[in-house]
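To start, the structure under review is shown below, and the notes come after it.
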Amino acid sequence: MAVFFIRRLLYTIPVALGVYAITFGLFHIRDPIAIARTNMPQAPLPVLQNWVRANGYHLPYFLNLESHSIEERADGRVHPEFAEHGIFYSRFFMGLGDLITLDLGVDRSGRKITTEILRRAGPSFQLMLPAFLLTLFISLALSLFTAYRKGRFDRFVGIFAVSSMSIALPAYLLASGWLFGEWFRLFPIYGSIAPPVVVAVVAGIGSNLRFFRTVLADLVPSPFVRAAKLRGVPDRFIMIRYVLRNGLIPILTTVVISLPFLITGSLLLEQFYGIAGMGDMMYSAVLAQDFPVIRAMVYVGAFLYMIGNILTDISYAIAD
């Protein structure tokens with residue numbers, strides 16, 4: 006298992022480098038002065054040039070070649086800043102070094118992005134973890150029951166799953182505002198965890214229920230299930246020990262891949278209910294065109310997704 010885990014970690018290195026290279030190209034392809042003007046629209050050119058140098062946008066893109074260094078001085082001499090550093094003194098490799106050391110830079114207000122992400126990851130986790138566990142438990146319980154006892158209830162669950170998948174999340178948000186604001190005034194809508202958890206469960210249970218139900222229902226007529234019934238194994242034991250265990254592989258794929266969202270949160274839920282999590286952080290950064298924050302969130306999302314893939318492969322080996 007240790008060798009398998011190390012091999013999977015090594016496989017993620019080229020993927021991580023590819024994600025970094027693509028993200029670097031997207032955020033650095035613009036002219037540095039244009040990037041500075043996005044942050045300071047009314048600033049004069051000297052101020053913009055100082056911002057470019059302070060944020061490292063004056064460095065070469067990939068390699069610190071002599072041709073790039075000469076361009077820094079009008080008299081043709083190599084600028085001391087570039088002459089004293091090696092060939093990797095460039096935006097690409099300096100940014101890669103900062104990313105490896107978890108230095109994601111600062112936002113437009115001067116706050117460290119890494120500290121802000123750590124602060125906001127907690128509220129997102131508090132919101133998404135109960136929603137994730139409730140959705141998983143309800144989906145598995147209903148799927149096991151409907152896979153074993155087909156009939157009117159099974160058809161009702163199927164209709165509910167399709168209906169839940171067919172409704173967009175904004176409709177759930179508007180309905181929850183009316184429901185919790187007019188009928189069940191047990192807690193405030195804005196800033197409370199309970200309403201977004203309920204909405205996340207109702208909105209997400211449809212797809213899980215439909216997928217889990219299909220996987221488990223296909224296993225019920227299997228020969229090993231019929232053999233267990235002939236041996237007199239109790240039905241509850243059959244559904245959990247035989248049907249559920251043999252259906253874990255496709256189910257784990259859906260479950261483990263969704264784990265990164267426990268940290269990154271939900272943009273719409275956090276913005277609508279006033280939860281100061283990472284989804285709200287991303288939404289605010291997009292509106293303010295705070296590109297360092299957006300870039301950092303892309304890195305965090307890609308990293309968590311790769312961790313989810315590794316956990317999926319490990320769970321396959323354990324469940325097999």
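Mapping of the sequence shown onto the numbering used here: position 44 corresponds to residue 49, and the numbering continues sequentially without gaps.
Note that beta-carbon positions come from the ideal geometry of N, C-alpha and C, so glycine has one too.
Nearest in C-alpha terms to residue 209, of all of 319, 242, 297 and 263, is 263. Here residue 109 has 118, 119 and 301 as same chain residues with Cβ atoms under 6 Å from its own Cβ, once five neighbours each way along the sequence are excluded.
In the DSSP assignment, residue 111 forms a beta bridge with 117. Around the beta carbon of residue 141, 16 or more other beta carbons lie within 10 angstroms, which makes this residue buried. In the DSSP assignment, residue 275 falls within the alpha helix (DSSP H) that extends over 272-278. Segment contact: the region 197-212 against the region 166-177, three or more CB-CB distances shorter than 8 Å; contact assigned.
Apart from sequence neighbours up to five positions away, the residues of its chain that approach residue 192 with a beta-carbon distance below 6 Å are 199, ordered along the chain.
Under the three-state reduction of DSSP, residue 286 is assigned to helix.
The C-beta separation of residue 113 from residue 33 comes to about 17 Å, leaving the pair out of contact by the 8 Å criterion. The beta-carbon distance between residue 214 and residue 249, rounded to whole angstroms, is 15 Å. This is too long to meet the 8 Å contact definition.
In the DSSP annotation of this structure, the continuous segment of the alpha helix (DSSP H) that includes residue 254 starts and ends at 253-262.
Taking all protein chains shown into account, residue 275 has 16 or more neighbouring C-beta atoms within 10 Å of its C-beta and is therefore buried. Looking at 49, 18, 35 and 38, the one whose alpha-carbon comes closest to that of residue 101 is 18. Between residue 24 and residue 233 the beta-carbon gap is near 46 Å, outside 8 Å, which marks them as no contact. Take the alpha-carbon of residue 10 and the one of residue 115: they are about 39 Å apart.
The residues 41, in chain order, have a CB closer than 6 Å to that of residue 56 in the same chain once the five nearest residues on each side in sequence are set aside.
For residue 293, the closest of 223, 231, 44 and 29 by C-alpha to C-alpha distance is 44. It is roughly 38 Å from the alpha-carbon of residue 106 to the alpha-carbon of residue 203. Residue 152 places its beta carbon 7 Å or farther from that of residue 230. Between residue 37 and residue 62, the gap from beta carbon to beta carbon is short of 7 Å.
DSSP places residue 295 outside both helix and strand once states are collapsed to three, so it counts as coil. Here the alpha carbon of residue 159 sits roughly 32 Å from the alpha carbon of residue 273. In this structure, 256 is the residue among 289, 304 and 256 with its C-alpha nearest to the C-alpha of residue 321. Taking residue 290 as the centre and dropping the five residues before and after it, the same chain places the C-beta of 298 and 299 closer than 6 Å to its C-beta, in chain order.
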